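Chemist: I have a structure I would like to understand better, so I am pasting it below and will then ask my questions one at a time.
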Amino acid sequence: MLPERPQITDAEEEYLQTLFWLYEAELPMTAANIGRAMRLSAPSVSEMIGRLERDGYISRDADRTISFTESGRADAERIVSRHRMIERFLTDIVGVPWDEVHEEAERLEHAMTPRFEAYVRASVGDSATCPHGHPIRVGERIGGVPLADCAVGARVVILRFENEAEDLLHYLRDTGLEPGLRGVVAAKDDEHLTVEGPDGPATVTISVAETVSVTAEPSPPPRIALPEHLVLGQGRYGR
């Protein structure tokens, strides 16, 4: 008989969320990318990766690339789905602004009882995505392209914000971009891109446009966002 897996810790849940984010975005699941995304030191990441491997959530191959075990992926999907569900609940039911909800959901999810989770699920009903456009039912992610690749004149629909760092979400909200917005790329140069939407123009830096997934007509070729855009400091936003 296999030994019983230890109860998952809050820290392990946070790492599994980050790993699933990398997996879903088709970015390399490496310790370096985890550290970049979570803003943690290499020794801290290495220690936790060892724990996740020991507890059966992940495996590592010869070049140290990380993969989910079957049960580890199921756990990660459950954790991510719950987080996105909480975000939708906080935005739609409680009224928390969508650019503030990510960190609030992080705090709430670790204290949620099964009974309260059932209430939250009933409250959000058939909502398909979190407020930032990510699917609550993982596996139903719509393919998109980076807004940064779209040409002037392209008609776009904002699908989601790939980077949910709170300061970046504040920036995006201030510009007027939000998931579901339909518009046309009105201007673009080496530093900025402008989408003309129903309420006027929304201008973002090219670095930020790299983190915004859209459908576009005409569409550029599909491309995975660059790993260096996992985390953007405020200095990169052009403000």
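Position one of the sequence shown corresponds to residue 0 (numbering that gives the first Met the number 0), numbered consecutively onward.
Where a beta carbon is used, it is the ideal one built from N, C-alpha and C, also for glycine.
This one's a predicted model, so the numbers in the text were calculated from it and none came from an experiment.
To which residues of the same chain is SER58 closer than 7 Å at the C-beta, ignoring the five residues directly before and after it?
Modeler: Hits under 7 Å: GLU52, SER66, THR68.
Chemist: Going by other Cβ atoms of all chains shown within 10 Å of its Cβ, with 16 needed for buried, is GLN6 buried or exposed?
Modeler: GLN6 comes out exposed.
Chemist: May I ask you to report which of helix, strand or coil DSSP gives SER218?
Modeler: In this structure, SER218 counts as coil in the three-state DSSP scheme.
Chemist: Can you tell me the Cα-Cα spacing of SER75 and ARG140, whole angstroms?
Modeler: In the sequence as displayed, the identity of residue 75 is Ala instead of Ser. Cα to Cα, the separation comes out at about 15 Å.
Chemist: By DSSP, does ILE48 sit in helix, in strand, or in coil?
Modeler: Residue state, collapsed to three classes: helix.
Chemist: Assuming ILE157 and PRO130 form a contact by the criterion Cβ under 8 Å, report the distance between their Cβ atoms to the nearest whole angstrom.
Modeler: No, ILE157 and PRO130 are not in contact; Cβ-Cβ is about 12 Å, not under 8 Å.
Chemist: Looking at the structure shown, is GLY237 part of a helix, part of a strand, or coil, going by DSSP?
Modeler: Reliability fails at GLY237, whose pLDDT of 40 lies under 50, so the model's placement of it is uncertain and the value that follows must be treated cautiously. Looking at GLY237 - three-state DSSP - the assignment turns out to be coil, as it is neither helix nor strand.
Chemist: Enumerate in chain order the residues of its own chain whose CB-to-CB distance from SER43 is below 7 Å, with the five nearest sequence positions on each side excluded.
Modeler: Excluding positions up to five away in sequence, the list is empty.
Chemist: Can the beta-carbon of GLU108 be found less than 7 Å from the beta-carbon of ALA24?
Modeler: No, they are not a contact pair.
Chemist: CYS149 and ALA224 - do their beta-carbons sit closer together than 7 Å?
Modeler: Cβ atoms of ALA224 and CYS149: not closer than 7 Å.
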